[in-house]
Ligand code: ADP
Ligand code: MG
């Protein structure tokens, strides 16, 4: 964990030892990138819209050594992630299977961007829960992207590295996700969220002030797994494209609340509700950033709740476990709560006064137990800095 070891020295040394144990030689360096929580702004990124995620104090760390040839060897401490070896000269995206698609995809996309990547040995370790909606995928992509950018001397900027990670996920992993996760992981700063306009990619840090306001951000990992490469995520994405086309705009970002009556007239019920989620969610993101600046985080609870209702009822990406997590956390004292991430499982977040944290935790555990559901994992996260070399 990085909470107490702010320099990451102990973690870097442990990973360097694991690397040497596995590959039989030393690493050139150790790089780290965080997972993220999305405070608000769900499925808005690929609609050219607004998002407000923050990087968290759960990180993925990679030890890497460049090689003299074009061989890539990948290993991870993560159970079930078998070592993988391939040659950069013969690699094609359809060869990339399982977890190796993320680091291999980053190397491949760097090469497509004109950067010659040497072969490399890479060892991964992470405390970002995998598949929990906290973007262990972006954490892995961003750690690898920063490492390879440093090792090749490419010196790419953070926004460019985020774009490389996203292209790896889209083109090699095959998940049609937007730019939010990688942006949070690359651009995060301590105690701040990243306000990102996904149309022009302009971004700015927004101080969260959780500690000053006596609030904790609790993550409730429902342990319901999601898969973004297939199914609901891709389906929602294509409904948004169709909704924009029917409304005669390039992207749903171009609509606002004043367009909703017309949308309701010309669209069927389901596509209309998909459009309404995106339009109202963009407005909630802008309003959340405003309220954080003027009134602090105690003022944003209702917006988090409204965002959850919109995802539950209009966009229909929640699930019973996420709804239960949100409702129980609210009943246990949270000032606002919502599912976070792409949906269909994963995690919810709840902003909870420090003094109510135990009560909220107990309420959620009791709710899950009463329904015979798997015990959720509940933990606090802090807004932390983005990817870095240790
Ligand atoms: P999320 O990003 O919400 O955690 P994803 O399904 O997008 O979920 O990404 C999870 C996948 O990323 C894992 O199934 C695995 O392939 C890869 N991954 C993430 N972290 C690691 C790790 N430490 N070691 C190996 N693979 C990892
Ligand atoms: Mg992911």
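Residue numbers (my numbering): -12 to 377.
Beta carbons: idealized from backbone N, C-alpha and C, even for Gly.
List the DSSP bridge partners of residue i.
i: residue 370; result: 43
i: residue 340; result: 202
i: residue 241; result: DSSP output for residue 241 lists no bridge partner at all.
i: residue 365; result: 207
i: residue 51; result: 16, 109
Look at the Cβ atom of residue i, then the Cβ atom of residue j, and state whether they are nearer than 7 angstroms.
i: residue 371; j: residue 335; result: no
i: residue 437; j: residue 270; result: Within the shown structure, residues of the chain are numbered from -12 to 377, placing residue 437 beyond reach of any answer.
i: residue 340; j: residue 196; result: no
i: residue 175; j: residue 316; result: no
i: residue 333; j: residue 28; result: no
i: residue 89; j: residue 124; result: yes
i: residue 62; j: residue 15; result: no
i: residue 39; j: residue 238; result: no
i: residue 350; j: residue 318; result: yes
i: residue 171; j: residue 274; result: no
i: residue 130; j: residue 47; result: yes
Examine the ligand MG and report whether any of its heavy atoms sits within less than 6 angstroms of the Cβ of residue i.
i: residue 113; result: no
i: residue 225; result: no
i: residue 212; result: no
i: residue 334; result: no
i: residue 122; result: yes
I need the boundaries of the beta strand (DSSP E) containing residue i, first residue and last residue.
i: residue 19; result: 16 to 27
i: residue 346; result: Note, residue 346: premise wrong, no beta strand (DSSP E); alpha helix (DSSP H) at 344 to 357.
i: residue 325; result: 323 to 327
i: residue 208; result: 202 to 208
i: residue 192; result: 190 to 194
If you compare alpha carbons, which of the options is closest to residue i?
i: residue 388; options: 239, 85, 365, 9; result: Since the first residue of the chain shown is -12 and the last is 377, residue 388 is not available in this structure.
i: residue 152; options: 138, 142, 168; result: 168
i: residue 367; options: 165, 203, 123, 261; result: 203
i: residue 64; options: 109, 54, 314; result: 109
i: residue 187; options: 62, 194, 176, 146; result: 146
i: residue 293; options: 123, 19, 264; result: 264
i: residue 115; options: 315, 44, 246; result: 44
i: residue 55; options: 353, 181, 139, 40; result: 139
i: residue 96; options: 128, 66, 191; result: 128
i: residue 381; options: 71, 57, 70, 66; result: Nothing about residue 381 can be reported from this structure: the residues present for the chain run from -12 to 377 only.
i: residue 82; options: 274, 159, 308, 299; result: 159
i: residue 69; options: 9, 18, 98, 283; result: 9
i: residue 190; options: 209, 208, 166; result: 166
i: residue 104; options: 286, 141, 314; result: 141
i: residue 361; options: 211, 223, 218, 19; result: 211
i: residue 369; options: 25, 296, 359, 177; result: 177
Can you check whether the C-beta of residue i is within less than 7 angstroms of a C-beta belonging to chain B?
i: residue 328; result: In the structure shown, chain B does not exist; there is a single protein chain.
Heavy atom of the ligand ADP less than 6 angstroms from the Cβ of residue i, yes or no?
i: residue 378; result: Beyond the ends of the chain as shown, which are -12 and 377, falls residue 378; an answer cannot be given.
i: residue 18; result: no
i: residue 118; result: yes
i: residue 87; result: no
i: residue 63; result: yes
i: residue 127; result: yes
i: residue 149; result: no
i: residue 344; result: no
i: residue 3; result: no
i: residue 68; result: yes
Along the chain, where does the alpha helix (DSSP H) that runs through residue i open and close?
i: residue 149; result: 145 to 154
i: residue 220; result: 219 to 233
i: residue 270; result: 256 to 281
i: residue 249; result: 247 to 253
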